[in-house]
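First comes the structure, then the notes that go with it.
Residue numbers (my numbering), protein chains in the order written: chain A, 1 to 259; chain B, 260 to 518.
This is the structure:
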């Protein structure tokens with residue numbers, strides 16, 4: 001008896017027309033039945049934002065590639081997952097994949113990332129989930145070089161399963177397929193963005209700012225995602241949404257809070 | 260020699276005019292020198308969103324209460340912290356407090372919360388930070404009953420310090436001061452929102468959705484924030500932004516990823 005194909009939900013944060021998500025749809029269609037619910041416009045850096053004070057629109061769009069159905073959504077990446085699971089899909093998907101993001105979501109970027117927040121939302125809802133990102137912000141980034149690895153990681157995830165509450169954050173270096181040294185399991189590097197605001201004036205004399213910044217990594221650990229990516233490896237960080245700093249509870253209990 | 264007063268950055272996600280932040284400013288002014296940088300409109304459920312494809316405005320507003328200066332910002336709560344630290348404050352603040360939120364940020368709400376994301380952003384930037392939330396969504400919620408506890412927790416935090424990478428998530432039950440049983444150090448309860456989308460039609464016949472949902476807590480642990488709050492206690496969860504699921508790394512290393 002042949003097993004049924006897995007049902008795979010695909011989303012992203014660069015918008016439904018981005019080359020990264022189109023590549024992901026193609027690869028996933030080789031593995032399972034694909035439903036796409038992705039933002040109708042770029043939603044980068046939206047973090048885990050949801051739309052609670054505004055309406056949400058969902059449009060069935062003409063499917064390209066090999067997806068069973070595609071929908072664009074007016075909301076954030078997390079809204080897409082919520083709408084997909086509750087309004088579109090007839091059963092809980094076997095996997096949710098998000099991306100392939102045009103740009104890095106390694107290290108602290110995971111917390112600002114719409115791509116990863118969509119995957120984390122799926123994880124919260126009990127769906128195994130993976131976020132894929134390529135370290136190239138270019139719209140015409142080379143996704144061909146990483147297709148083979150995206151497929152391999154997805155098949156291994158379906159075969160092995162993920163623990164409850166764990167989501168995979170996969171980042172690819174900007175390298176040709178034959179330059180990639182392999183896949184490393186990593187921890188999130190302790191790095192951050194140091195902001196540099198660009199202060200300008202409107203034509204009407206009012207000050208405004210553009211947020212820009214410089215990524216600074218003081219964490220030289222060879223077990224980090226940054227190290228792996230800088231040394232030619234694909235990084236996989238298992239991510240969780242229990243944010244409790246369990247190691248600090250004991251110290252907090254020694255404070256004089258109840259006197 | 261008298262020590263200098265601590266410099267305290269105050270922000271929130273309900274907007275600079277919300278009674279919750281006004282109470283927080285009053286309490287913080289009893290402790291230190293207060294600078295306020297808060298959104299010019301409600302920014303609830305914005306998670307860790309930042310503004311990268313749009314301009315940011317900052318307006319110095321006439322200060323009320325006892326703050327040294329107050330600014331409203333057109334961006335998200337995380338934008339407020341970034342602008343405060345990089346464009347407004349002459350030195351790194353000794354503490355950043357966010358809130359008091361009108362509504363719960365316990366359990367999984369921490370991940371959707373603009374209030375907590377602002378505090379987490381401060382933590383990423385190396386500033387000790389606390390998010391305060393009251394389990395009452397009402398604009399006219401009773402913040403008087405919790406003033407004493409907000410002050411106590413803040414003073415203890417300044418006295419004891421926080422570990423690098425740890426932020427406090429403080430939630431208050433909706434109770435009178437004399438009904439509150441005390442303060443408990445907790446872990447984040449494993450709970451989630453189960454969505455119920457309200458599907459409607461525009462006057463022009465187009466479907467749209469309102470996101471709503473029901474909070475479901477299957478975690479009966481007496482060490483959770485949900486348990487504490489339901490049993491009359493203030494909950495404090497230490498929160499971290501290293502999202503690595505360290506416990507799952509070993510299992511991932513057993514997968515056949517590099518064959």
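Glycine residues also receive a C-beta, built at the ideal position from the N, C-alpha and C atoms.
Every beta strand (DSSP E) stretch that sits fully inside the segment 174-249 of chain A and reaches 3 residues is listed by chain position as 182-185, 191-201, 207-217, 233-240. Contact between residue 473/B and residue 452/B holds: CB atoms are separated by about 7 Å, below the 8 Å threshold. Excluding sequence positions up to five before and after residue 131/A, its CB lies within less than 6 Å of the CB of 98, 99, 115, 116, 119, 169, all in the same chain and listed in chain order. For the segment 55-115 of chain A, the full-length alpha helix (DSSP H) segments reaching 4 residues or more read 77-83, 109-112 along the chain. Think of a sphere of 7 Å around the beta carbon of residue 444/B: the chain A residues whose beta carbon falls inside it are 249, 252, 253, in chain order. Counting the other CB atoms within 10 Å of its CB gives residue 209/A a total of 16 or more, which places it among the buried residues.
Counting along the chain, the unbroken beta strand (DSSP E) around residue 131/A starts and ends at 129-134. Shown here, residue 19/A sits in a helix according to DSSP, grouped into three states. Distances from the CA of residue 292/B to each of 352/B, 274/B, 335/B were compared; the closest alpha carbon is that of 352/B.
Residue 416/B: member of the alpha helix (DSSP H) spanning 406-419, first to last residue. Judged by DSSP in its simplified three-state form, residue 140/A adopts coil rather than helix or strand. Assigned with DSSP and collapsed to three states, residue 311/B falls in coil, not helix or strand. Between the alpha carbons of residue 329/B and residue 223/A lies a distance of about 43 Å.
For the 8 Å CB-CB criterion, residue 148/A and residue 177/A form a contact. Taking 8 Å as the threshold, the shortest C-beta distance from residue 110/A to chain B falls below it.
Here residue 446/B is buried, its C-beta having at least 16 other C-beta atoms within 10 Å. Between residue 430/B and residue 392/B, the C-beta spacing is below 8 Å. Contacts between residue 491/B and chain A, judged by CB atoms closer than 7 Å, are missing: the closest CB pair is about 13 Å apart.
Just so you know, the alpha carbons of residue 425/B and residue 253/A end up roughly 15 Å apart. Taking a contact to require three or more Cβ pairs closer than 8 Å, the segment 303-321 of chain B and the segment 332-341 of chain B qualify as touching. Rounded to the nearest whole angstrom, the CA to CA distance from residue 79/A to residue 8/A is 17 Å.
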